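Engineer:
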Amino acid sequence: MKVSIFGLGYVGAVTAACLARDGHEVVGVDVNPDKVARVNAGESPIVEDGLPELLAEGVASGRITATVDSVAAVAATDVSFISVGTPPDENRVPDLGYVERVCVEIGAAIAANGAAHVVVLRSTVPPGTTGRCAGLLAAAAGDVPVHVAFNPEFLREGSAIRDYDRPAYTIIGAADRQAEAAVRELYATVEAPVHVVAPAVAEMVKYVSNTWHATKIGFANEIGRVAKGFGVDGRDVMHLIAEDHKLNVSAVYMRPGFAYGGSCLPKDVYALLHYAGEMHVPTPLLSAVPASNQAHIDEAVKTVLRHGRRRVAVLGLAFKPGTDDLRESPAVPLVKRLLGEGCEVRIYDRDVHTAQLMGTNLAYIHAHVPHFEALLTETIEECLAWSEVVVATYSSEEFVNAIRDGGQARPVVDLAGLFDEAPGGCDYDGIAW
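Using our numbering, you'd call the opening residue of the sequence shown number 33 and step up by one each time.
If you want it as structure tokens, here you go:
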């Protein structure tokens with residue numbers, strides 16, 4: 033099939049590369065000319081395992097091109113995916129402006145082209161948005177038929193390609209047979225059960241999924257802190273809880289560690305709370321999730337400060353390994369708070385390179401730690417050698433090896449559960465064990 037993908041961020045770029053690998057012809061569309069240029073050069077605009085190779089292969093084969101011209105992209109394709117951002121506004125309400133503008137843009141392009149078109153919304157949006165988008169598309173397209181579906185993605189940064197290839201299921205939110213058929217054909221090579229539901233159901237599933245993930249992380253961390261107060265290792269407790277697959281469903285995320293973050297979980301939890309509030313539906317547990325997450329960050333800061341050391345090495349700035357996404361990373365407020373408390377901070381993160389950060393990712397870190405570039409070190413050895421206390425924010429074999437080899441002379445604050453047992457020869461401290 034011939035597919036245009038509007039938005040070349042984390043979801044759009046991965047979707048484009050995987051569709052092209054599976055034999056489809058893909059045109060990426062983005063307002064950022066730098067992203068377009070990088071994709072056309074066969075380079076990845078983001079850090080994601082396996083993506084550079086797939087994009088390079090797709091461009092070399094001619095199955096992937098990119099443009100800023102939406103009219104040309106729609107004219108060259110039969111299906112358009114919308115994967116633009118829905119960032120939170122100052123009240124943490126999702127800003128649907130990008131989605132709505134792209135719908136009008138695509139609708140006008142469909143009218144200019146004069147041929148029926150399928151539009152698949154993939155951005156995370158509240159229930160009812162697909163219906164409103166269908167109205168915007170129809171109004172802009174005039175008499176030209178537009179077939180609309182919602183297709184939520186469940187891609188985790190750092191493992192997005194594997195998640196694309198082996199999803200739990202494919203959800204198609206559509207009442208339109210042509211739109212449903214197009215999505216089925218696009219994912220024909222993906223082995224997973226297909227569920228066709230009403231668009232609003234599919235939209236809600238995405239929010240509930242991310243809110244459940246965030247709830248599990250917050251729950252495990254809260255239990256970990258309580259367990260530590262009793263002198264119990266929270267990981268032992270949660271390991272047994274997670275062993276019950278019959279009642280507790282899944283072991284994913286059921287392990288104490290650092291706070292949740294990233295571009296999805298914080299945004300979508302706040303969004304669901306916002307809409308529940310609008311409907312006057314009480315959600316005391318869900319309302320506690322962000323507070324619990326913030327309390328976990330506060331506890332991390334206190335744990336570091338208790339050691340009374342001034343020079344702090346922070347290992348990991350992104351919200352998880354294998355990505356350069358700094359948005360809502362709990363390591364960012366950790367660094368900001370430590371600087372505010374008078375600490376000197378140096379940061380090591382293999383995947384965070386100032387020259388490659390762009391867009392909302394770059395804007396976010398500059399808004400919270402304006403001069404973060406000066407804090408980055410090239411090597412983990414340099415970071416450790418300078419430090420008086422070491423803080424690990426996410427799980428990494430590189431961090432484990434470096435701390436074992438060079439961390440014995442200084443305290444280690446482990447926020448990620450790097451070690452099942454405290455490494456010998458150092459003052460080791462965990463946040464929930």
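Quick reminder that beta carbons are idealized off the backbone N, C-alpha and C, glycines included.
It should be emphasised that the depicted structure is a prediction, and the values quoted were computed from it without experimental measurement.
Please state the DSSP three-state secondary structure of F182.
Structural biologist: Here residue 182 is taken as the residue at index 150 of the sequence shown, counted from 1. F182 falls in the strand class under three-state DSSP.
Engineer: Run the CB neighbour count on F404, radius 10 Å, all protein chains shown included, and call it buried at 16 or more, exposed below.
Structural biologist: Position 372 of the sequence shown, counted from the start, is the residue given in the question as residue 404. Its Cβ being crowded by 16 or more others within 10 Å, F404 is buried.
Engineer: From the DSSP output, which residues share a beta bridge with S319?
Structural biologist: Locating residue 319 in the sequence shown gives position 287, where the first residue counts as 1. S319 is not bridged to any residue.
Engineer: Tell me which residues share the same chain as L371 and place their Cβ nearer than 8 Å to its Cβ, disregarding the 5 neighbours each side in the sequence.
Structural biologist: Start at 1 with the first residue of the sequence shown, and residue 371 comes out as number 339. Excluding sequence neighbours, L371 sits near V377, V401.
Engineer: Excluding the 5 residues preceding and the 5 following I142 in the sequence, name in chain order all residues of the same chain whose CB lies nearer than 7 Å to its CB.
Structural biologist: Walking along the sequence shown from the start, residue 142 turns up at place 110. Closer than 7 Å at Cβ, skipping near neighbours: V106, H149, A173, V176, V178.
Engineer: Under the assumption that W115 contacts S155 (Cβ atoms under 8 Å), give the Cβ distance between them as a whole number of angstroms.
Structural biologist: The residue given as residue 115 occupies position 83 in the sequence shown. The residue given as residue 155 occupies position 123 in the sequence shown. Note on residue identity: the sequence assigns Ser, not Trp, to residue 115. With 8 Å as the limit, S115 and S155 qualify as a contact, their Cβ atoms being about 6 Å apart.
Engineer: So, does the segment 55-73 touch the segment 94-108, judging by three or more C-beta pairs under 8 Å?
Structural biologist: Taking 8 Å as the limit for Cβ pairs, the verdict is that the segment 94-108 does touch the segment 55-73.
Engineer: Since H245 contacts Y285 with CB under 8 Å, what's their CB separation in whole angstroms?
Structural biologist: If you number the sequence shown from 1, residue 245 lands on position 213. If you number the sequence shown from 1, residue 285 lands on position 253. Between Y285 and H245 the Cβ distance is about 6 Å, and since that is below 8 Å, they are a contact.
Engineer: If we count Cβ pairs, one from each stretch, closer than 8 Å, do we get three or more for the segment 205-217 versus the segment 419-426?
Structural biologist: no
Engineer: Taking buried to mean at least 16 other C-beta atoms within 10 Å of its own C-beta, is K299 buried or exposed?
Structural biologist: On the sequence shown, residue 299 is found 267 positions in, with the first residue counted as 1. Taking every protein chain shown into account, the CB of K299 has 16 or more other CB atoms within 10 angstroms, so this residue is buried.
Engineer: Just curious, the alpha helix (DSSP H) that Y380 is in, first and last residue?
Structural biologist: On the sequence shown, residue 380 is found 348 positions in, with the first residue counted as 1. Run containing Y380: none in the alpha helix (DSSP H); it sits in the beta strand (DSSP E), 376-380.
Engineer: Name the one or two DSSP bridge partners that R343 has.
Structural biologist: To locate residue 343, count along the sequence shown from 1; it is residue 311. For R343, which the question treats as bridged, DSSP gives the partners E376.
Engineer: Mind reading off the beta-carbon distance from L169 to I204? Whole number of angstroms is fine, and I expect it under 8 Å.
Structural biologist: One-based indexing of the sequence shown puts residue 169 at position 137. One-based indexing of the sequence shown puts residue 204 at position 172. The Cβ separation is near 17 Å, so there is no contact.
Engineer: Taking the beta carbon of K248 as the centre, do at least 16 other beta carbons fall within 10 Å, making it buried, or is it exposed?
Structural biologist: Counted from its first residue, the sequence shown places residue 248 at position 216. K248 comes out buried.
Engineer: Output needed for A434: all residues of its chain with C-beta closer than 8 Å, excluding positions within five of it in sequence on either side, in chain order.
Structural biologist: As a first step, residue 434 is located in the sequence shown; it is residue number 402 there, counting from the start. Around A434: L347, I412, E413, L416.
Engineer: Go to K260, then tell me how far its alpha helix (DSSP H) extends in each direction, as first and last residue.
Structural biologist: Working through the sequence shown from its first residue, we reach residue 260 at position 228. Unbroken alpha helix (DSSP H) run through K260: 231-261.
Engineer: Can you tell me which of the three DSSP states K34 falls into?
Structural biologist: Residue mapping note: residue 34 aligns to position 2 of the sequence shown, counting from 1. In this structure, K34 counts as strand in the three-state DSSP scheme.
Engineer: Just how far apart, CA to CA, sit A332 and Y239?
Structural biologist: Indexing the sequence shown from 1 puts residue 332 at position 300. Indexing the sequence shown from 1 puts residue 239 at position 207. Taking the straight line from one Cα to the other gives about 28 Å.
Engineer: Could you compute how far the alpha carbon of A308 sits from the alpha carbon of T161?
Structural biologist: For this step, residue 308 is matched to residue 276 along the sequence shown. For this step, residue 161 is matched to residue 129 along the sequence shown. Cα-Cα distance, rounded: 16 Å.
Engineer: Where in the segment 72-122 do unbroken runs of the beta strand (DSSP E), each at least 3 residues long, occur, reported from the N-terminal end onward?
Structural biologist: 96-99, 111-114
Engineer: Quick one: give me the first and last residue of the beta strand (DSSP E) that V125 is part of.
Structural biologist: Sequence index remark: in the sequence shown, residue 125 carries index 93 (1-based). Unbroken run through V125: none, as it is neither H nor E.
Engineer: Taking only the alpha-carbon atoms, compute the straight-line gap between R341 and E420 and give it to the nearest angstrom.
Structural biologist: Start at 1 with the first residue of the sequence shown, and residue 341 comes out as number 309. Start at 1 with the first residue of the sequence shown, and residue 420 comes out as number 388. Rounded to the nearest angstrom, the two C-alpha atoms are 6 Å apart.
Engineer: Just to confirm the assignment, what range does the alpha helix (DSSP H) spanning I435 have?
Structural biologist: In the sequence shown, residue 435 corresponds to position 403, counting from 1. Run containing I435: 429-438, per the alpha helix (DSSP H) assignment.
Engineer: Do L128 and V157 have their CB atoms nearer than 9 Å?
Structural biologist: If you number the sequence shown from 1, residue 128 lands on position 96. If you number the sequence shown from 1, residue 157 lands on position 125. Yes.
Engineer: By Cβ distance, which residues of its chain are closer than 7 Å to L83, with the 5 residues on each side in sequence left out?
Structural biologist: The sequence position of residue 83 within the sequence shown is 51, counting from 1. Excluding positions up to five away in sequence, the list reads A45, V46, A49, S76, I193.
Engineer: What runs of the beta strand (DSSP E), each 3 residues or longer, lie entirely inside the segment 36-75?
Structural biologist: Fully enclosed beta strand (DSSP E) runs of 3 or longer: 57-61.
Engineer: Which two residues bound the contiguous alpha helix (DSSP H) that contains Y396?
Structural biologist: Numbered from its first residue, the sequence shown carries residue 396 at position 364. It spans 391-400 - the alpha helix (DSSP H) in which Y396 sits, taken as one unbroken run.
Engineer: Alpha carbon to alpha carbon, how far is E185 from V43? Give it in angstroms, no decimals.
Structural biologist: Against the sequence shown, residue 43 aligns to sequence position 11. Against the sequence shown, residue 185 aligns to sequence position 153. Straight-line Cα distance between these residues: approximately 8 Å.
Engineer: Could you tell me the alpha carbon to alpha carbon distance between K352 and H339, rounded to whole angstroms?
Structural biologist: Indexing the sequence shown from 1 puts residue 352 at position 320. Indexing the sequence shown from 1 puts residue 339 at position 307. Looking at the two C-alpha atoms, the distance is approximately 25 Å.
Engineer: By a C-beta neighbour count over all protein chains shown, 10 Å radius and 16 as the cutoff for buried, is Y460 buried or exposed?
Structural biologist: For the purposes of this step, residue 460 is identified with residue 428 of the sequence shown, where counting begins at 1. The residue is buried, with at least 16 neighbouring Cβ atoms inside 10 Å.
Engineer: Hey, would you say R343 sits closer than 9 Å to W465, going by beta carbons?
Structural biologist: Residue 343 sits at position 311 when you count from the first residue of the sequence shown. Residue 465 sits at position 433 when you count from the first residue of the sequence shown. The answer is no: Cβ separation not under 9 Å.
Engineer: Compare the beta carbon distance of V336 and V321 with 9 Å and say whether it is the shorter of the two.
Structural biologist: Taking the first residue of the sequence shown as 1, we reach residue 336 at position 304. Taking the first residue of the sequence shown as 1, we reach residue 321 at position 289. The answer is no: Cβ separation not under 9 Å.
Engineer: Expressed to the nearest angstrom, what Euclidean distance is found between the alpha-carbon atoms of V229 and S241?
Structural biologist: Position 197 of the sequence shown, counted from the start, is the residue given in the question as residue 229. Position 209 of the sequence shown, counted from the start, is the residue given in the question as residue 241. About 16 Å.
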